[in-house]
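Notes to accompany the following structure.
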Amino acid sequence: MGLLDRIVGDGKRSDEPDLVNHYRDQLLEEIDLDELSRLRPAQRRARLERVLATLLSIDGPVMAARERAVLIQRVVDDALGLGVLEPLLADESVTEIMVNGPRDIFVERLGRVQRVATTFASVEHLYQTIDRIVSTVNRRVDESSPMVDARLPTGERVNVIIPPLALDGPCLTIRRFPRPYRLGELVQKGTIDVASATLLSACVRARFNIMISGGTGSGKTTFLNALSGLIPSHERIVTIEDAAELSLQQEHVVRLESRPANVEGAGQVTIRDLVRNSLRMRPDRIVVGEVRGGETLDMLQAMNTGHEGSLATVHANSARDALGRLETLGTMSELELPVATLRDQINSALDLVIQLERAVDGSRRVTEIAAVVSRRREDYALVPIVTFEQDPLGPDRRVTGRFVQHRLPDELRARLHQAGEQLVEVLP
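And the structure:
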C-alpha cells in the first residue's frame with residue numbers, strides 16, 4: 032500500500048491517523064496560537080499550510096506532489112476544522128452527512144443516500160470532532176446530556192446523540208442549508224408548473240395565509256423560501272426559525288432564531304417566545320420555519336388578528352393531515368382549549384395548504400395545493416386547486432406525471448380579484 036493509499040484510506044484499513052496526528056502535533060508546536068486566532072479563516076489556513084509544507088520538506092517522507100497535497104489538506108483540516116468531514120462539507124452536492132459511529136458514514140446526494148469510504152480513526156477521534164462542534168455553542172455532550180443540537184459557524188445544523196441512548200456508538204448528523212431558489216427556478220426543476228406558480232404568486236401578493244406541509248426532506252424550507260421571495264419588498268417581514276435557513280432578499284427583514292438552554296440549563300428561548308415577541312414588532316408578515324408545538328396556537332391567532340399573508344411549514348403526510356396535525360400541536364399550549372375552538376382557529380386562519388413530497392427517485396415536488404373552505408367549527412373541508420397525477424414507474428424508476436389545475440372556489444377567486452390579481456380569469 033502506497034503512502035497516498037494510507038493517507039486517503041480505502042474504508043477498511045488506513046494508517047492515516049498516525050500520519051495526520053504526528054504532523055498535526057508538530058504543526059501545533061510550531062505555531063503561535065494567539066497570533067493564529069487573530070487571522071481571518073483563509074489566512075489561518077494558508078499560514079498552517081506554509082508551516083506544514085516547511086516541516087515536510089525538512090523531515091517528511093519522500094512523496095509525490097499529489098500525496099503531499101492530500102496529506103497537507105488532511106492535517107490542516109484536522110487542526111482547524113472537522114477533520115475527515117471537511118471534504119464532505121466542501122462538496123456542494125452533499126446535502127446531509129450522517130455519521131453512525133466511527134466507521135459508518137453516509138451522505139445524501141441529489142435526494143439519494145449513499146455510503147462513503149471516509150472513516151474516523153476511532154471512537155475517540157469521533158468524540159473529539161463532536162466536542163469541537165458543541166464547544167463553539169457553549170454546549171456539552173456526555174452521559175448526563177447525551178443529546179444536543181448545534182450549528183456550525185458556516186450555518187449547517189448539527190444533531191448529536193451518544194451512548195447510552197445511541198446503542199452502537201455516537202451518531203452525528205449534519206444538515207446543509209438548502210440553496211435559496213426562486214419560484215421560477217423550482218418551475219425549471221419540475222417542483223411545480225408555471226400555472227400553479229403563477230397562481231401562488233398571486234395568492235402571496237393577495238395576502239393569503241399559507242401552510243406548507245410535507246415529510247422530512249420533502250423541500251418545505253426551500254419552497255417556503257421561494258414563496259417568501261414573492262412578498263412585496265416594502266413590507267416588514269419577521270422570520271422565526273429554529274436554525275436560520277431562510278434567505279430573503281427583501282429590504283425590510285428581521286430574522287429571529289430560537290436558542291437552546293446553555294450548559295447550566297438556562298437561557299432557552301423557544302419558537303413560541305419568538306412568535307409572541309414578533310407580534311410586538313409591527314410585522315406585516317410573519318414567516319415561521321416550522322410549527323411543532325404550542326407556538327402553533329399563537330401563529331393561528333396572529334393570522335386571525337391582522338397578520339394576513341403569513342407563511343409557515345408543518346410536518347404532515349397530506350394536506351388534510353396537516354390540519355389535523357395543527358389541531359394536535361395547538362393542544363400543546365398551556366391553554367386548555369376545546370377541540371372545537373382550535374378547529375375554529377384553523378378554519379378561520381388558513382387559506383391554502385401546499386403539500387410537498389420527496390419521490391422514490393429523490394425528486395421533490397408539489398403534489399397538491401388545496402383551499403381550506405370550511406368555516407368556524409365545521410369539520411375540515413379542503414378543495415383541491417392543483418394535483419399532481421403521477422405516471423406508473425418505468426424501469427429507470429424515474430417519477431413523471433403532470434400537474435392538473437382545478438377550479439378555484441368562488442370566495443378565493445373574489446379575493447384575488449379584489450386584490451387586483453387578474454390572472455384568475457385564465458384559470459379553469
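Going by this note's numbering, 118 is the number at position 87 of the sequence shown; the sequence numbering is gapless. Ideal placement from N, C-alpha and C gives every residue a C-beta, glycine not left out.
| query | Run through DSSP, which three-state label would E326 get? | reply | Three-state result, E326: helix.
| said: Taking only three categories from DSSP, how would you classify H448? | reply: H448 falls in the helix class under three-state DSSP.
| Same chain only: Cβ atoms within 8 Å of V391, ignoring 5 sequence neighbours per side | So the list reads L424, R428, V430, once near-sequence residues are dropped.
| In terms of alpha-carbon separation, which member of M129, E295, G221 lies closest to S175? | Check the Cα spacing between S175 and each of M129, E295, G221: the tightest is with E295.
| CA-CA distance, F151 and R316? | Cα to Cα, F151 sits roughly 46 Å from R316.
| said: In chain order, what are the residue ranges of uninterrupted alpha helix (DSSP H) at least 4 long that sit wholly in the region 71-153? | reply: As far as the region 71-153 is concerned, its whole alpha helix (DSSP H) runs of at least 4 residues are 72-90, 96-111, 117-121.
| In its own chain, which residues sit with a C-beta less than 8 Å from the C-beta of A292, not counting the 5 before and 5 after it? | Hits under 8 Å: G298, Q299.
| message | I'd like to confirm the pairing. Which residues does DSSP put opposite E388 in its beta bridges? | response | In the DSSP assignment, E388 is bridged to R396.
| Can you name, in chain order, every residue of its own chain whose Cβ lies under 7 Å from the Cβ of T232, other than the five neighbours on each side? | The question names Thr, but residue 232 in the sequence shown is Ser. Excluding positions up to five away in sequence, the list reads L214, L261.
| query | Which partner residues of A401 appear in the DSSP bridge assignment? | reply | A401 is bridged to V384, P415.
| Pairwise C-alpha distance: N335 and R78 | Per the coordinates, the alpha-carbon of R78 lies some 57 Å from the alpha-carbon of N335.
| Residue environment, E155, which counts as buried when at least 16 other CB atoms sit within 10 Å | Burial call: exposed.
| query | Looking at the unbroken beta strand (DSSP E) that takes in Q436, where does it start and where does it end? | reply | Element bounds for Q436: 432-436.
| message | Within a Cβ cutoff of 7 Å, which residues of the same chain sit near A237, ignoring the five residues on either side of it in sequence? | response | Once the five neighbours on either side are set aside, the close Cβ partners of A237 are R446, L447, A450, E452.
| Of the residues N378, P263, Q386, G246, the one placed nearest V404, counting alpha carbons only | Of the candidates N378, P263, Q386, G246, the one whose C-alpha sits nearest the C-alpha of V404 is N378.
| query | What are the residues that DSSP puts in a beta bridge with G245? | reply | BP columns for G245 point to H346, L387.
| query | Excluding five sequence neighbours on each side, which residues of the same chain lie with their C-beta closer than 6 Å to the C-beta of G340? | reply | So the list reads R238, R316, once near-sequence residues are dropped.
| said: Going residue by residue through the region 284-312, where are the continuous alpha helix (DSSP H) segments of at least 4 residues, counting only ones entirely within it? | reply: For the region 284-312, the full-length alpha helix (DSSP H) segments reaching 4 residues or more read 302-309 along the chain.
| query | Are there 16 or more other CB atoms within 10 angstroms of the CB of V182, so buried, or fewer, so exposed? | reply | The sequence given here has Arg at residue 182, not Val. Around the C-beta of R182, 16 or more other C-beta atoms lie within 10 Å, and the residue is accordingly described as buried.
| task | Classify R37 as helix, strand or coil using the three-state DSSP reduction. | result | Confidence is the limiting factor: at R37 the pLDDT is only 42, short of 50, which leaves the residue's position unreliable, though a coordinate-based value still follows. Note: R37 maps to helix in three-state DSSP.
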